[in-house]
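Contents: one structure, followed by commentary.
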Amino acid sequence: MASAVDKEGLRDAYQDVRADTSDTNWALFRYKGAEIVHDCSGEKFQELKDMLSDDERAFAFVRVFAGDEMSKRKKFVLLTWVGPSVSTLKRARVSIDKALVKQVIQNFAVEIQIESPEEISDEFLRNAVDKVGGANYGTGTRG
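Mapping to the UniProt record's numbering: the sequence shown position 23 is 23, numbers consecutive.
Below is the structure:
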């Protein structure tokens with residue numbers, strides 16, 4: 001069970017995803033013993049999806065481009081992954097551990113907990129960001 005986070009490691013990865021000069025679009029945070037640490041980062045969302053397994057809990061900070069074809073905006077998502085094979089006790093700890101992660105990862109448009117591999121898609125995240133983002137004034141097509 002996590003009782004701590006590697007604040008410096010999480011903060012560095014968080015700032016990299018937020019940086020306009022970086023191509024990094026996501027950072028993955030995993031359990032290493034009793035600590036949540038930055039595991040890896042990447043550019044393509046599919047890479048992140050491939051890293052998540054059914055028997056683990058993890059957190060990710062993801063950059064998403066939302067809006068319509070007239071106005072693209074950079075938004076951020078805090079993603080909590082709880083695989084379908086995670087035990088009940090570990091599931092119960094997720095909200096406590098997430099509070100530790102949120103001490104470092106503080107600025108995001110939406111927070112999502114996903115428990116099924118089918119839910120993990122960049123379209124799902126974009127739609128979630130669009131729902132909380134207010135009005136879209138487009139021509140009805142996505143670009």
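Glycine residues also receive a C-beta, built at the ideal position from the N, C-alpha and C atoms.
Buried versus exposed, by CB contacts within 10 Å (16 or more), residue i
i, result
"glycine 33", "exposed"
"isoleucine 96", "exposed"
"asparagine 107", "exposed"
"phenylalanine 65", "exposed"
"aspartate 55", "exposed"
"lysine 75", "buried"
"aspartate 130", "buried"
"alanine 19", "exposed"
"threonine 80", "buried"
"alanine 92", "exposed"
"serine 41", "buried"
Proximity winner among the options, relative to residue i (alpha-carbon distances)
i, options, result
"arginine 73", "Met51, Asp16, Gly9 and Arg126", "Arg126"
"glutamate 35", "Val62, Glu47 and Lys98", "Lys98"
"serine 3", "Ala27, Glu123, Tyr31 and Ala19", "Tyr31"
"leucine 89", "Asp6, Arg57 and Ala109", "Arg57"
"threonine 21", "Phe29, Glu43 and Met51", "Glu43"
"leucine 52", "Ser71, Ser85 and Met70", "Ser85"
"arginine 63", "Tyr14, Pro117 and Ser87", "Tyr14"
Opposing strand residues paired with residue i [DSSP bridges]
i, result
"glutamate 35", "Ala4 and Lys32"
Test item: CB-CB of residue i and residue j under 7 Å
i, j, result
"aspartate 16", "threonine 24", "yes"
"isoleucine 120", "lysine 49", "yes"
"alanine 27", "phenylalanine 59", "no"
"valine 37", "glycine 67", "no"
"lysine 7", "valine 94", "no"
"valine 77", "glutamate 115", "no"
"valine 101", "valine 132", "no"
"phenylalanine 29", "aspartate 122", "no"
Pick out the complete alpha helix (DSSP H) segments inside the UniProt domain "ADF-H" (2–130), 4 residues or longer, and give them in chain order.
Segments of the alpha helix (DSSP H) lying fully in the UniProt domain "ADF-H" (2–130): 7–18, 45–51 and 88–101.
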